[in-house]
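A.B. asks: Structure in C-alpha cells, see below.
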Amino acid sequence: MEKAGNYVYKKEVDWSLLHEGLTLPVDIQVIFGIIMGKFLPRGASKNITLYLDGKSYQAKITNVNFDPKHKRLKDTLQIRF
374 MEKAGNYVYK
384 KEVDWSLLHE
394 GLTLPVDIQV
404 IFGIIMGKFL
414 PRGASKNITL
424 YLDGKSYQAK
434 ITNVNFDPKH
444 KRLKDTLQIR
454 F
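Numbering (the numbering used here), first residue to last: 374 to 454.
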C-alpha cells in the first residue's frame with residue numbers, strides 16, 4: 374500500500390530525470406510560482422531545495438529562454454540538479 378504524502382508534483386523516475394532533471398507541466402507551473410512568491414521571467418533561474426524522504430537536495434529551477442523564432446506562448450520551467 375502506497376503511503377499518501379505531501380507533494381506538489383509526482384513523477385515516475387526515468388533515465389531523463391536521473392541524468393537531466395525534469396520539465397514541469399504547465400498546470401503545475403502556477404503552483405510553483407505561488408510557492409516561490411513570484412513567477413520567473415523567461416531566461417531567469419532560481420536555486421531551490423528539493424525534499425525527498427527527509428533529505429534535502431539542491432537544484433535550480435529555470436524558465437528556459439528559447440530562441441524567439443519558436444514563438445512559444447507558454448513558459449517552459451525545468452528543474453535541474
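Ideal Cβ positions, reconstructed from N, Cα and C, are used throughout, including at glycine.
Per DSSP, what are the beta-bridge partners of glutamine 451 in this structure?
C.D. replies: One-based indexing of the sequence shown puts residue 451 at position 78. Answer by DSSP bridge pairing, in chain order: Thr396 and Thr435.
A.B. asks: Taking DSSP as the reference, what is the three-state secondary structure of lysine 442?
C.D. replies: Looking up residue 442 in the sequence shown gives position 69. Helix, per DSSP.
A.B. asks: Give me the Cβ distance between valine 399 and lysine 447, rounded to the nearest whole Å; I'm assuming they're in contact under 8 angstroms.
C.D. replies: Taking the first residue of the sequence shown as position 1, residue 399 is located at position 26. Taking the first residue of the sequence shown as position 1, residue 447 is located at position 74. Indeed, because the Cβ distance is near 5 angstroms, the residues count as touching under 8 angstroms.
A.B. asks: Report the three-state DSSP secondary structure of leucine 391 (helix, strand or coil).
C.D. replies: Position 18 of the sequence shown, counted from the start, is the residue given in the question as residue 391. The answer is helix: DSSP assigns leucine 391 an H, G or I state.
A.B. asks: What does a CB cutoff of less than 8 angstroms around arginine 445 pick up in its chain, not counting 5 residues either side in sequence?
C.D. replies: As a position in the sequence shown, residue 445 is number 72, starting the count at 1. The residues are Phe439.
A.B. asks: Give the single residue among Val386, Ser389, Ile434 and Leu391 whose Cα lies nearest to the Cα of proline 414.
C.D. replies: Here residue 414 corresponds to residue number 41 of the sequence shown, with the count starting at 1. Closest by alpha carbon: Ile434.
A.B. asks: What number of angstroms, rounded off, separates the C-alpha of phenylalanine 454 from the C-alpha of glutamate 393?
C.D. replies: Here residue 454 corresponds to residue number 81 of the sequence shown, with the count starting at 1. Here residue 393 corresponds to residue number 20 of the sequence shown, with the count starting at 1. Cα to Cα, the separation comes out at about 7 angstroms.
A.B. asks: Can you tell me the Cβ-Cβ gap for leucine 395 and glutamine 451, rounded? I've got them flagged as a contact below 8 angstroms.
C.D. replies: Here residue 395 refers to the residue found at position 22 when the sequence shown is read from its first residue. Here residue 451 refers to the residue found at position 78 when the sequence shown is read from its first residue. Right, the Cβ-Cβ distance comes to about 7 angstroms (below 8 angstroms), so this counts as a contact.
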